[in-house]
Amino acid sequence: MDDDPGVTRPAGLVIDAALELLDRQLVDSDDSLAGKVDDLELTPSEDDSHVLYVTAILSGPGALGPRLPGRLGRAWSALFDRLHPAEHPEPIRISFGVVQSLGPRIRISMSRHHLGVNSFEHWTREHIIRRIPGSGDASQ
Amino acid sequence: MTSRRASRRTVAALAVALTAMLAVTSCVGPSRTRSDFRRKADTTVDNVRGAVQTAILGIQATDRHSLQAAYVSVLLGDAEEDASAAADTFAGIQPPDERSDRVRAVTNELVGESVDALADARIVARRGDLAELTPMLPHLRRLARRLERLSADLDGVGR
Amino acid sequence: MRLSELLGRPVVDADGTSLGEVRDVRLVQDGPLQGTFGAAFRVDGLIIGRYEVASRLGFDRRGVKGPWLVATIVGRLARSSRFVAWEHVDATEHVIRLRRRADELQPPAPLPQLRTGSVG
Amino acid sequence: MKRLISVTLGILTAIGGFVDIGDLVANAAVGARFRWNLAWVVLVGIGGIILYTEMAGRVATLTKRATFDIVRERLGPRMALGNLVASMAVTFLTLIAEVAGVALALELATSVNYLLWIPMAAALVWLVIWRVRFERMEEVFGLLGMALVVFAVAAWRLVPSWGDVVDLATHPHVPTGEGAPTYWYYAIALFGAAMTPYEVFFFSSGAVEEGWTHKDLVTNRANVFVGFPLGGALSLAIMSCTAMVLAPAGIGVDHLSQVALPVAATLGRLGLAVALLGFFAATFGAALETGLSLGYSVAQYFGWPWGKRQRPVDAARFHAVVLVALMIAAAVGLTSIDPIKVTEYSIVFSAVALPLTYFPILVLANDPEYLGDQTNGRLRNLLATVYLVVIVAAAVAAIPLMIATKGGG
C-alpha cells in the first residue's frame, strides 16, 4: 500500500465538502445573508484531467434542484427556469477566489447584489412585496 | 435508487397521518349492539348535562357578579350549540331493537327539553335582559338532576 | 462537473463488492492560488458509508462527542465508513469502481487530528 | 436597556409560546376531565422546553444560525426538506388555531361571531409583523400576556388547601370511567402543548435577529429559566381552575368561553375582562410567533435573507411566506372548522414533529467546532438524552392513540 490515508497530507487545510461546506449559509461583504452553498463546481486541472479542483460555489434553485428527490427536484428547477429572465439560466456562480472565510457561515468579499439574478427573490419582490406600502423602510 | 428512499418515507408518513384524520372524523357509525346504543345515549346525556351545567354556572355568576352581556350570550350560545349538536347526532343513530326504542324515546324527550331551555336562555341573553336569566335557574337545575339520574340508569343497567 | 454528482452514488471495490454510497468528498487546500482566498481545494478522496445520517452528522470524522446514547448508536452506524484516495477512484460510470479491495481501505481519519497534524 | 429587552424575549416566548391557544384549551380540558391527574405532564413539558430552547438559543447565539439553517446543514437537503414540510405543516396548523383563538377572544369580548373576526385578526397579525419592530412587539405582547395571571388569582381563591392538590398531583391515576389510552392521549396532547416546536424556531431566530453575542448567553439562560416556569405555572393555574369548578359539574371544555368560566364565577366582571385580555394577548403573541416561525424556517432552509430587522424589500420571500401563510390560515378558519378541534390536533401533531428538530439541535449542541467550550456538559447531555427517549416515545405513540381514542373522544 503506497499511501496510508491516515498520514497527514501537505500542510494544507483538510475539509470534508458535504460536512463542512455544502448547505452552509453564505454571508456577503455587508454582512447580509446571500443564499446557501447549494453545490460546488469541480474543474479538472490542465495538466492532469483526473485531478479536480473546487473552482466555485453554486447557489440558488438551479443548484439545489438536482439535489432534491425526484419529481420535487425537477419541479423546483423547472420553476426556476420559468421565472429566470435568461434563456438557459445557470445557477448563481460565486468564484472561490472571493471566499473570505470558512466556518459555520461562509463569508464572501462581494455584495449579494452583484451575484447573479436570484429569480425567486426578484419575482417575489417585484410582484408582491414592492406593491405593499411601507415595503421600502424597516419597521419602527 | 437509494436517494428516493427518504422521500418515500415522508410520503408514507403523510399517508398515515391522513388515514388517521379520516378514521377520527368518521366516528359516528350505526350502533350494532344494544349496549353500544346505550353507551351512545349515555354519552349524549352526559354532553347535554355538561351544557346545562355550563348554563347554570354562567347564570349564577351573572346573577352574583353581573357579568358582561357579550360574554354571557356567547357562553349560553355555545352551550346550546353543544346540546343541540349532541341531540341531533343521537337522533340520527338507528336503534338496533325495540327495547332500544324505549331508551331512545326517553333520552330524546329529556334532551329535547334541555335544548329548548338552553335556547330560551340564549335568546334572553342575546337580547341583553340578563335579569330574566335568574328565574330560569330552578328549571335548569331540575333538568340537570333528571339528566344525571338518566345517565346513572343508562350506566348501571346496561353492562 | 458538480460535487453533488458524486454524492450518493453506489461504490464497489476492486472485487465488485458493494461498499455503500459516496457520503462525502475530502478536500485538501493545496491547489493553485485563487483570488484572495489562497490555494484551491483539491479533491483528495471519497468517504464511503452505508448510512447517510451517520456520516452526515459527522460522528465518523468530526469528533462530535454527542450524548452517550446517540454517540453509541450513530457511532456504530458510522463504523462502516471508509476513505479511499481519489487516485484509486474510477468515476466514469454511474457505479463508482475502486482500484483497491475493501480490506485495503481505512476508516476516514478524524478531521480535528488532521488539522492539528497529530494523526497517530 | 438591552438586557431588559432580551429578558422580555423570554417572557413573550413563555406567555405567547408556552401559554397559547393550545395550552389554554389543553390545560382547561385536562383539568375539567382529569383534575390534577395529568399535572405531572406540565412539569415534564417545562423541563423539556427549557432544555430544548436553551440548547437552540445557545447554538443560535454562538453560530448566528437558527434552527432550520442548522437542520439542513446537519441532515442534508433531502432529509431536512421532509423535516421542514412536517414541522411547517404542524406550525401552520398551530397558526390556524392561533388566528382562530384571537377571533374567539374577540367574540367573547363583543359577542360578534368569531368568523367575522378571523380576517381582521389575520390582517392585524400581519400588520404587526410588517410594521412593528421586534423588541416593541415583544414588550407589548409579553407584558399584556401577563394578564393571564388572573387565573393564578382565581386558582388561589378556589383551592381550599394546596397541600391536598400537591398530594393529588403526586399520586396520579387514571380516573374511573376513563380508559388508559384516553389518559395517555391527553398526556401527549398536554406534552405537545408544552413543547411546541415553533417556540424554538422563534426563540432561536429571535436570538439571531437580536444579534445576541457570547455575553448574551446569560440572558439566554435567564429568559428560559424565568420565562418557561412562569408559563408552566399559569398552565397549572388554568388546570386548577377548571378542576375546581368544571370537573365537579361534569362540564367538558369544548369552547374558549368555558375556559374563562371559573375566573368569571370567582372574580366577576373585572376578573373576566382581564382574562379575556390575557386570551387575546396570548393568542395574538402566539399567532405572531407561529407566522414568523413559518417565514423564518422556510427562509433558513433555502438561505433566503430573513428577519424583521431588514426592509421588507430586502427579505421579499420571507415576508411573502408569512403573508401567504396568514391568508391561507384565515381562509381555513373561515371554513368554520371547529377551532378547538384544530387546536387539539395541532398540539398532538406538535408532539409527533418534535423529534425531527430536537435531534439535530441536540447533536449540534455537542459539536466543539460550533460551540467551542460551550458544548453540553455531562449532566445536560444525560437529561437531553432522557428527553430524547421521552420525545420519541410520545411521537411514536401519538397517532395510534389518536386513532384508538377517536381524537380523545
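Chains as they are written, first to last, in our numbering: chain D, 4 to 143; chain H, -7 to 151; chain Y, 6 to 125; chain V, 3 to 411.
All C-beta atoms in this analysis are idealised placements derived from N, C-alpha and C, irrespective of residue type, glycine included.
- A direct Cα-Cα distance of roughly 6 Å separates residue 44 of chain D from residue 57 of chain D.
- The alpha-carbon separation between residue 130 of chain V and residue 69 of chain V amounts to approximately 23 Å.
- Residue 246 of chain V counts as buried, since at least 16 other C-beta atoms from the protein chains shown sit within 10 angstroms of its C-beta.
- For residue 116 of chain H, not one C-beta of chain V is nearer than 9 Å to its own C-beta.
- The beta strand (DSSP E) runs lying completely inside the region 54 to 108 of chain D and spanning 3 residues or more are 55 to 62, 95 to 98, 102 to 104, given in chain order.
- For the region 30 to 62 of chain H, the set of residues with a beta-carbon nearer than 9 Å to any beta-carbon of chain V comprises 35, 38, 39, 41, 42, 43, 45, 46, 48, 49, 50, 52, 53, 54, 56, 57, 58, 59, 60, 61, 62, in chain order.
- Residues of the region 19 to 42 of chain Y with a Cβ closer than 8 Å to any Cβ of chain V: none.
- For residue 145 of chain V, there is no enclosing beta strand (DSSP E); the residue is part of the alpha helix (DSSP H) that begins and ends at 136 to 146.
- Between the region 67 to 84 of chain V and the region 284 to 301 of chain V, the count of Cβ pairs shorter than 8 Å is three or higher; the stretches touch.
- With at least 16 other beta carbons inside 10 angstroms of its own, residue 92 of chain H counts as buried.
- Chain-order list of chain D residues neighbouring residue 79 of chain V: 26, 67, 70, 71, by C-beta distance under 7 Å.
- Contact annotation: residue 69 of chain H and residue 114 of chain H have beta-carbon atoms nearer than 9 Å.
- Here residue 82 of chain H has 36 as same chain residues with Cβ atoms under 6 Å from its own Cβ, once five neighbours each way along the sequence are excluded.
- Closer than 9 Å to the CB of residue 76 of chain H there is not a single CB belonging to chain V.
- Residue 37 of chain D belongs to the set of residues whose beta carbon lies under 9 Å from a beta carbon in chain V.
- Taken in chain order, the complete alpha helix (DSSP H) segments of 4 or more residues contained in the region 205 to 258 of chain V are 219 to 247.
- In this structure, DSSP gives residue 62 of chain H a helical state, which the three-state scheme calls helix.
- Judged by DSSP in its simplified three-state form, residue 314 of chain V adopts helix.
- 67, 70, 74: these are the residues of the region 67 to 99 of chain H whose beta carbon lies less than 7 Å from some beta carbon of chain V, given in chain order.
- Residue 112 of chain Y has its alpha-carbon roughly 8 Å from the corresponding atom of residue 84 of chain Y.
- Spanning the alpha carbons of residue 226 of chain V and residue 46 of chain V requires a straight line of approximately 15 Å.
- Judged by pairs of C-beta atoms under 8 Å, the region 125 to 143 of chain V does not touch the region 153 to 167 of chain V, as fewer than three such pairs exist.
- Listed along the chain, the chain Y residues whose CB falls inside 9 Å of the CB of residue 387 of chain V are 72, 73, 74, 75.
- For residue 31 of chain Y, the uninterrupted beta strand (DSSP E) run begins and ends at 23 to 39, by DSSP.
- Chain-ordered, the chain D residues with CB closer than 9 Å to the CB of residue 132 of chain V read 135, 137, 138, 142.
- One finds 65, 66, 67 in chain V with Cβ atoms closer than 8 Å to the Cβ of residue 108 of chain D, taken in chain order.
- Taking a 10 Å sphere around the C-beta of residue 287 of chain V, we find 16 or more other C-beta atoms and assign the residue as buried.
- Taking the Cα positions, residue 338 of chain V is about 37 Å away from residue 83 of chain D.
- Residue state for residue 15 of chain Y is assigned as strand, using DSSP reduced to three classes.
- Taking a beta-carbon distance threshold of 9 Å, residue 31 of chain D does not count as an interface residue toward chain Y.
- The alpha-carbon of residue 63 of chain H is positioned some 5 Å away from that of residue 110 of chain V.
- Three or more beta-carbon pairs drawn from the region 28 to 38 of chain V and the region 246 to 264 of chain V are found closer than 8 Å, and the two stretches are therefore classed as touching.
- Nearest C-alpha to residue 179 of chain V among V:236, V:36, V:137, V:135: V:36.
- In this structure, the alpha-carbon of residue 100 of chain H lies about 29 Å from that of residue 405 of chain V.
- Contacts with chain V at 9 Å (Cβ-Cβ) include residue 62 of chain D.
- With a threshold of 9 Å between beta carbons, residue 114 of chain D makes no contact with chain Y.
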